[in-house]
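Here my numbering = 1-based position in the sequence shown + 6. Ideal placement from N, C-alpha and C gives every residue a C-beta, glycine not left out.
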Amino acid sequence: MSPDIDHCRERLERRPDARYYSLLLLRGPRQEALFVLYALIDALEDAVRSCREPEVALTTLSWWANEVAAAFSGTPTHPITRALRLVLADLPWERAFFDELVLAARLRAATMRCASSAELQQLTYRLGAVPALLTVRALGGLEREAQQAAQELGMGLALAELLLGVGADARTGRILLPVDQLQRHGVPAAQILEGRWSEAFAALMRAQAERVRHHFRAADEAATAQMRQALRPLMARRTVTEALLAEAEEIDYRLLDRRLELPPLRQLWLTWRGWRRKPGR
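What follows is the structure, given as structure tokens:
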């Protein structure tokens, strides 16, 4: 493993999550490539997380956009983008996917409200489907059905992440639950920004969690047993996500003042279960 790829692995190890655990059962160049991909995604997310002012985050993301461009046609300077340049030659990864990753982070930084469910769906496509498509392509999932399943899994994972982070977003003045759904369920934006839970808020979250499950069911319908290898990391993350959503349901989606997390050993166990899980189950 080159020093730059090792840097990517160590970055993920410092703050292990379901993405990191989903790669531990992989081996060789494909694992290394996905360490690089997920480290880049983490760096883009960190640019959004660490800046309360969208303008500052967007400036940082512009720098990352230049680094990504250099990985494809220049001399990148950051260990992550140097590692990306190393792995690109052996993978069916096109630059357009990575431009979408940067665009997703920019939208995440700049978006303070989603006006409609359609707007939220577009955001979750960029945040979730694009990384999922890159993941399965790295593992040989080039069939149309494999990419369709990956897209649905990725969008479900991204939507779940937004739901579980609703409180953290609210503390930065951001509400990504669609305005049309807030109005439908009678949940004022001020209530979310002030961190006040209500039965109406729980009903809204329950409806959005069902949309996550809809994406997962659509992935099951698209997938076949032959795609199992390519989908394994995504299925592992799905299993962890389903456990988190079950815990959120148990506490009636009281997520405005807390962030649910699973102990590392439980995440590892769920990852192993998800790794062995067949699409459609």
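### Query
Which one of Glu61, Lys284, Ile257, Thr230 has the shortest CA to CA distance from Ala242?
Here residue 242 corresponds to residue number 236 of the sequence shown, with the count starting at 1. The shortest Cα separation from Ala242 among Glu61, Lys284, Ile257, Thr230 belongs to Lys284.
#### Entry: In DSSP terms, what Arg119 is bridged to
Numbered from 1 along the sequence shown, position 113 holds the residue referred to as residue 119. According to DSSP, which records beta bridges pairwise, Arg119 is partnered with Ile181.
### Query
CA-CA distance, Leu140 and Glu125?
The residue labelled residue 140 in the question sits at position 134 within the sequence shown. The residue labelled residue 125 in the question sits at position 119 within the sequence shown. Taking the straight line joining both Cα atoms gives about 22 angstroms.
### Task
Go ahead and pull the three-state DSSP assignment for Leu29.
The count along the sequence shown starts at 1 and reaches residue 29 at position 23. In the structure shown, Leu29 adopts coil according to DSSP, grouped into three states.
### Task
List the whole-angstrom C-beta distance separating Leu182 from Thr117, where the pair is believed to meet the contact cut-off of C-beta under 8 angstroms.
Indexing the sequence shown from 1 puts residue 182 at position 176. Indexing the sequence shown from 1 puts residue 117 at position 111. That pair is a contact at about 7 angstroms.
### Task
Confirm, please, whether the CB-CB distance from Gly162 to Arg219 is below 9 angstroms.
Within the sequence shown, residue 219 is the residue found at index 213, counting from 1. Within the sequence shown, residue 162 is the residue found at index 156, counting from 1. For Arg219 and Gly162, yes; Cβs fall inside 9 angstroms.
### Task
Tell me whether Ala164 is buried or exposed, calling it buried when 16 or more other Cβ atoms sit within 10 Å of its Cβ.
Counting from 1 along the sequence shown, the entry for residue 164 is found at position 158. Buried, because 16 or more other Cβ atoms sit within 10 Å of the Cβ of Ala164.
### Message
Please identify the residue among Ala110, Leu266, Ala89 whose C-alpha is closest to the C-alpha of Ser68.
### Response
In the sequence shown, the residue the question calls residue 68 occupies position 62. Answer by Cα proximity: Ala110.
### Query
Between Leu159, His191, Glu16, which lies nearest to Phe222 when the distance is taken from Cα to Cα?
Stepping through the sequence shown from its first residue, residue 222 is reached at position 216. Measuring from the Cα of Phe222, the nearest candidate turns out to be Leu159.
### Query
DSSP three-state call for Gly160: helix, strand or coil?
As a working mapping, residue 160 is identified with position 154 in the sequence shown. Looking at Gly160 - three-state DSSP - the assignment turns out to be helix.
#### Entry: Cβ separation of Pro184 and Ser122, assumed to be a contact under 8 angstroms, to the nearest whole Å
Along the sequence shown, read from residue 1 onward, the residue named residue 184 stands at position 178. Along the sequence shown, read from residue 1 onward, the residue named residue 122 stands at position 116. Going by Cβ atoms, the distance from Pro184 to Ser122 rounds to 5 angstroms, so yes, they are a contact pair.
### Query
If you draw a straight line from the C-alpha of His84 to the C-alpha of Ala95, how long is it?
If you number the sequence shown from 1, residue 84 lands on position 78. If you number the sequence shown from 1, residue 95 lands on position 89. Rounded to whole angstroms, His84 to Ala95 spans 18 angstroms at the Cα level.
### Query
Alpha carbon to alpha carbon, what distance is there between Glu51 and Leu64?
Residue numbering aside, residue 64 sits at position 58 when the sequence shown is read from its first letter. Residue numbering aside, residue 51 sits at position 45 when the sequence shown is read from its first letter. Answer to the nearest angstrom: the Cα atoms are 11 angstroms apart.
### Query
Start and end of the alpha helix (DSSP H) containing Glu38?
Here residue 38 is taken as the residue at index 32 of the sequence shown, counted from 1. 34-55 is the extent of the alpha helix (DSSP H) around Glu38.
### Query
For Pro137, which of helix, strand or coil comes out of DSSP?
Counted from its first residue, the sequence shown places residue 137 at position 131. Here Pro137 sits in helix by DSSP.
### Message
For Arg282 and Arg33, I'd like the C-alpha separation in whole angstroms.
### Response
Mapped onto the sequence shown, residue 282 falls at position 276. Mapped onto the sequence shown, residue 33 falls at position 27. So the two alpha carbons sit approximately 16 angstroms from each other.
### Query
Quick one: complete beta strand (DSSP E) runs, 3+ long, within the segment 213-254?
none
### Message
Quick check on this structure: which residue in Tyr259, Glu61, Glu73 has the alpha carbon closest to the alpha carbon of Ala209?
### Response
Within the sequence shown, numbered from 1, the residue matching residue 209 stands at position 203. The candidate whose alpha carbon is nearest that of Ala209 is Tyr259.
### Query
How would you label Ser79, buried or exposed, when you count the other beta carbons within 10 angstroms and need 16 or more for buried?
The count along the sequence shown starts at 1 and reaches residue 79 at position 73. Burial call: exposed.
### Query
Which residue from Arg58, Leu30, Ala89, Glu19 puts its Cα closest to that of Ile11?
Numbered from its first residue, the sequence shown carries residue 11 at position 5. Residue Ala89 is the option with its Cα nearest to Ile11.
#### Entry: Where Ala196 falls, given that 16 or more other Cβ within 10 Å makes a residue buried
Working through the sequence shown from its first residue, we reach residue 196 at position 190. Classification for Ala196: exposed.
#### Entry: Reference Leu240, options Arg119, Gln157, Val42, closest by Cα
Taking the sequence shown and counting its residues from 1, the one referred to as residue 240 is at position 234. Comparing Cα-Cα distances from Leu240 to each of Arg119, Gln157, Val42, the minimum goes to Gln157.
### Query
Should Val42 go down as buried or exposed, given a rule of 16 or more other Cβ atoms within 10 Å for buried?
Along the sequence shown, one-based indexing puts residue 42 at 36. Val42 is buried by the Cβ-count criterion.
### Query
Where does the unbroken alpha helix (DSSP H) through Gly280 begin, and where does it stop?
In the sequence shown, the residue the question calls residue 280 occupies position 274. Note, Gly280: alpha helix (DSSP H), 270-282.
### Query
Assuming Gln273 and Tyr27 make a contact with CB atoms under 8 angstroms, what is their CB distance in whole Å?
Numbered from its first residue, the sequence shown carries residue 273 at position 267. Numbered from its first residue, the sequence shown carries residue 27 at position 21. About 5 angstroms separates the two Cβ atoms, so the contact holds.
### Query
Just checking my contact of Arg114 with Val54 at CB under 8 angstroms: how many whole Å lie between their CB atoms?
Numbered from its first residue, the sequence shown carries residue 114 at position 108. Numbered from its first residue, the sequence shown carries residue 54 at position 48. Contact holds; Cβ gap of about 5 angstroms.
### Task
Under 6 angstroms Cβ to Cβ from Arg143, same chain only, skipping five residues before and after it: list those, please.
Indexing the sequence shown from 1 puts residue 143 at position 137. Contacts found: Pro98.
### Task
Taking the CB atoms as reference points, tell me whether Arg132 and Glu100 lie closer together than 9 angstroms.
Indexing the sequence shown from 1 puts residue 132 at position 126. Indexing the sequence shown from 1 puts residue 100 at position 94. No, the Cβ-Cβ distance between Arg132 and Glu100 is not below 9 angstroms.
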